[in-house]
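Student: Counting in our numbering, the sequence shown runs from -12 upward without gaps.
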Amino acid sequence: MSSLDQLNDTCPAWANIFEVQRRKLRVLAVAQQPSGLTGRSYFLFINLRRDNLVAVFEEPDGHLPLCCVERHINPDASFCLHYNSTEPVQSAGMAREWWRSLGFYLNNQDYASRRRKWPMLAQLSHGDAAITQIQMEELAEPLGWKEEEVLAAIFRKRGWLGGRLPRLSKDKSSLVNLRSPCPRGCTRKHHPFRKSSCERLNCAEGCRRLHKPTLRADCPNRSVVESLVLLEHQRRAQEHEFFKSLKNSQVICCGTMDNCSLRQEEISN
């Protein structure tokens, strides 16, 4: 079965396939909000490409801009549902997962239209930077840092990873000045509140003692902290090259999102 056949056979209740062609499905899909309410209706078409790959687009004169990478709409107007979302749909399970991704995507588009930003937990960096972000998330998740420290830094510019980063060595393989404070802002608590972990919480209630910064050399999570900094330097460079390439391809900002990196690239040049 082709990818289109798999998708046609597993169409969910919130979507209606109203036309079937050999290499195209035309669909009316209604965004499903987490509250259970319905969102906007989107007229879409799903194309079958070479090697059984699939791509989904909005019909002309719809709700969305033709291209907006901040809204995960590619320069050819196809939707980026997730990383490698155009891969062949080879089973009913993969087809149901594809439809699930489309449902989340349309709800995120409704969110972006209202708030001019993409939901933070659904964000993914662009181009090669996406792989780097995934590596950062995998490092941070066991420590509980994924949402508030990695995603908030990348997509909301908050926290120790969201601003100016610690400097790298000349070969960019390590951080300089091992005796500098831990960039997370951890401090050494006095006994009995001292723990062998990265702690930023206050000491005992009413404590007025000065708590010295934890040096990076002494940080119990030094390896993760340093790896996150190195990867964030790399991710920012990759994103910069991605948007520079878009600008060179004459792609312009659509103006529907705040803090658009493409618009910032246009302004800086």
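Quick reminder that beta carbons are idealized off the backbone N, C-alpha and C, glycines included.
Only a predicted model underlies this, so the values are computations on that prediction, with no experimental measurement involved.
Bridge partners for K11 per DSSP, in chain order?
Tutor: Taking the first residue of the sequence shown as position 1, residue 11 is located at position 24. According to DSSP, K11 bridges with N34.
Student: Nearest-angstrom Cα distance between S65 and E124?
Tutor: Start at 1 with the first residue of the sequence shown, and residue 65 comes out as number 78. Start at 1 with the first residue of the sequence shown, and residue 124 comes out as number 137. For S65 and E124, the distance between alpha carbons rounds to 26 Å.
Student: Evaluate F229 with the Cβ neighbour count: other Cβ atoms within 10 Å of its Cβ, from every protein chain shown; 16 or more gives buried, anything less gives exposed.
Tutor: In the sequence shown, counting from the first residue as 1, residue 229 sits at position 242. Classification of F229: buried, given that the 10 Å Cβ count is 16 or more.
Student: Run the CB neighbour count on V56, radius 10 Å, all protein chains shown included, and call it buried at 16 or more, exposed below.
Tutor: To locate residue 56, count along the sequence shown from 1; it is residue 69. Answer is buried; the Cβ neighbour count reaches 16.
Student: To test your reading of the DSSP string, which unbroken beta strand (DSSP E) runs of 3 or more residues are found completely within the stretch 101 to 137?
Tutor: Counting whole runs of 3 or more residues, the stretch 101 to 137 contains no beta strand (DSSP E) stretch at all.
Student: Run through DSSP, which three-state label would R27 get?
Tutor: For this step, residue 27 is matched to residue 40 along the sequence shown. Reduced to three states, the DSSP call for R27 is strand.
Student: Have a look at D205 and G90 and give me their C-alpha separation to the nearest angstrom.
Tutor: As a working mapping, residue 205 is identified with position 218 in the sequence shown. As a working mapping, residue 90 is identified with position 103 in the sequence shown. Each residue's Cα considered, the two are about 46 Å apart.
Student: Among all the DSSP beta bridges, which residues are the ones paired with T174?
Tutor: On the sequence shown, position 187 is the one that residue 174 refers to. According to DSSP, which records beta bridges pairwise, T174 is partnered with P200.
Student: Nearest to E219 by CA position, among C173, A116, C240, E134, is which residue?
Tutor: Counting from one through the sequence shown, the residue named residue 219 turns up at place 232. Comparing Cα-Cα distances from E219 to each of C173, A116, C240, E134, the minimum goes to A116.
Student: So the candidates are N235, S236, R250; which of them puts its Cα closest to the Cα of G242?
Tutor: Start at 1 with the first residue of the sequence shown, and residue 242 comes out as number 255. Looking at the Cα atoms, R250 is the closest of the given residues.
Student: Label N3 either buried or exposed according to how many other C-beta atoms from any shown protein chain fall within 10 Å of its C-beta, with 16 as the threshold for buried.
Tutor: In the sequence shown, residue 3 corresponds to position 16, counting from 1. Counting Cβ neighbours within 10 Å, N3 comes out exposed, since fewer than 16 surround it.
Student: Have a look at S(-11) and S112 and give me their C-alpha separation to the nearest angstrom.
Tutor: As a first step, residue -11 is located in the sequence shown; it is residue number 2 there, counting from the start. As a first step, residue 112 is located in the sequence shown; it is residue number 125 there, counting from the start. When rounded, the distance between both Cα atoms is 30 Å.
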